[in-house]
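Engineer: Counting from 271, one number per residue, gives the positions in the sequence shown under this note's numbering.
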Amino acid sequence: QETIRVNVMMLKTNGEFQKGQVVFNITYVNGQVYLNDFPMKSGVAHIRCQTVILEKGNLDNLPDQQRLGTVSVRIMVHEWPLASSSDLQLIVIQEEVTEIDGKQVQQEEVTEIDILVKDLRVLRHSNYTVPLKESMLYSIPRDNDVLFTLPNLSGKDVQDPLQTTSQYLIQQVETTIDEETLPGKLPETPLRTEPPSSYKVVLLFV
Numbered sequence: 271q272e273t274i275r276v277n278v279m280m281l282k283t284n285g286e287f288q289k290g291q292v293v294f295n296i297t298y299v300n301g302q303v304y305l306n307d308f309p310m311k312s313g314v315a316h317i318r319c320q321t322v323i324l325e326k327g328n329l330d331n332l333p334d335q336q337r338l339g340t341v342s343v344r345i346m347v348h349e350w351p352l353a354s355s356s357d358l359q360l361i362v363i364q365e366e367v368t369e370i371d372g373k374q375v376q377q378e379e380v381t382e383i384d385i386l387v388k389d390l391r392v393l394r395h396s397n398y399t400v401p402l403k404e405s406m407l408y409s410i411p412r413d414n415d416v417l418f419t420l421p422n423l424s425g426k427d428v429q430d431p432l433q434t435t436s437q438y439l440i441q442q443v444e445t446t447i448d449e450e451t452l453p454g455k456l457p458e459t460p461l462r463t464e465p466p467s468s469y470k471v472v473l474l475f476v
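Written out as structure tokens, the structure is:
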């Protein structure tokens with residue numbers, strides 16, 4: 271599982287822009303990519319969903335406010351077979367937030383997640399940011415986006431999906447535990463890295 275924070279500029283009621291972050295929970299399990307527990311298909315989807323919003327005046331410090339908000343986001347999931355004779359595959363995920371609570375936002379960078387998979391097993395993963403206008407997602411016409419709305423934060427059969435998933439996301443954002451790992455072993459807890467625009471990574475093996 272990966273909890274990513276997308277930096278955006280949000281338009282306030284007084285016409286000024288405020289720095290903020292949109293939090294998404296992205297999971298890869300048994301060949302399937304999930305956004306906030308909802309399965310994503312290969313291609314580009316334009317999704318309307320609830321998730322955690324961080325509002326702050328200075329991104330160098332902890333967020334002043336965190337709340338649930340309704341966002342519109344473009345999500346790209348692209349799968350590349352790397353060898354015809356094997357099941358080696360590269361999965362690339364990118365995202366672009368277009369609206370928060372019905373108001374347009376500005377996003378300068380896209381967070382890209384690359385996952386190298388063989389026989390449904392994660393061999394390696396990496397993540398970094400690229401300028402939005404240089405991203406693959408930006409070059410794909412929006413006319414072909416698959417549009418749908420997620421009813422709440424979680425698509426899994428849980429007692430209170432909105433509460434449980436929002437608590438998970440907030441917990442990941444607030445986690446500051448540092449953990450040393452052996453070569454080839456993923457950390458079992460999210461890591462906080464600098465600069466703050468980077469995000470913490472935990473891949474869940476099932």
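Every residue, glycine too, gets a C-beta built ideally from N, C-alpha and C.
Would you identify the three-state DSSP class for L390, choosing helix, strand or coil?
Structural biologist: Three-state result, L390: coil.
Engineer: Quick check on DSSP: helix, strand or coil for K403?
Structural biologist: K403 falls in the helix class under three-state DSSP.
Engineer: Can you tell me the Cα-Cα spacing of K311 and I410, whole angstroms?
Structural biologist: One C-alpha to the other measures close to 16 Å.
Engineer: Would you identify the three-state DSSP class for S506, choosing helix, strand or coil?
Structural biologist: Given a span of 271 to 476 for the chain in the structure shown, any question on residue 506 remains unanswerable.
Engineer: Per DSSP, D384 is paired with what?
Structural biologist: DSSP lists V362 and S396 as partners of D384.
Engineer: With a threshold of 7 Å on Cβ separation, who are the neighbours of L393 within its own chain once the five nearest residues in sequence on each side are excluded?
Structural biologist: The residues are L386 and V387.
Engineer: Report back the beta-carbon spacing between E382 and Q364 to the nearest angstrom; my notes put them in contact at under 8 Å.
Structural biologist: That pair is a contact at about 5 Å.
Engineer: Please state whether DSSP places S342 in a helix, a strand or coil.
Structural biologist: It is a strand residue.
Engineer: Near E349, which residues of its chain fall below 7 Å by C-beta distance, leaving aside the five closest residues on each side in sequence?
Structural biologist: So the qualifying residues of the chain are S312, Q359 and I361.
Engineer: Looking only at its own chain, which residues have a Cβ that is under 8 Å from the Cβ of V246, when we skip the five neighbours before and after it?
Structural biologist: For residue 246 there is no data in the structure shown, the boundaries of the chain being 271 and 476.
Engineer: Under the rule that 16 or more other beta-carbon atoms within 10 Å means buried, what is D307, buried or exposed?
Structural biologist: By the 10 Å Cβ count, D307 comes out buried.
Engineer: Out of curiosity, what's the CA-to-CA distance linking G285 and Q376?
Structural biologist: One C-alpha to the other measures close to 13 Å.
Engineer: What is the rounded straight-line gap between the Cα of Q288 and the Cα of L324?
Structural biologist: Distance between the alpha carbons of Q288 and L324: 11 Å.
Engineer: For N295, which three-state DSSP category applies?
Structural biologist: In the structure shown, N295 sits in a strand (DSSP, three-state: E or B).
Engineer: Is R318 near S342, with beta carbons less than 8 Å apart?
Structural biologist: Yes, they are a contact pair.
Engineer: Tell me whether N414 sits in a helix, a strand or coil according to DSSP, three-state version.
Structural biologist: The answer is helix: DSSP assigns N414 an H, G or I state.
Engineer: Quick one: using the 10 Å Cβ neighbour count with 16 as the cut-off for buried, is Q320 buried or exposed?
Structural biologist: Buried: at least 16 other Cβ atoms inside 10 Å.
Engineer: Rounded to whole angstroms, what's the CA-CA distance from V322 to Q271? Just pull it up for me.
Structural biologist: If you take the alpha carbons of V322 and Q271, they lie about 16 Å apart.
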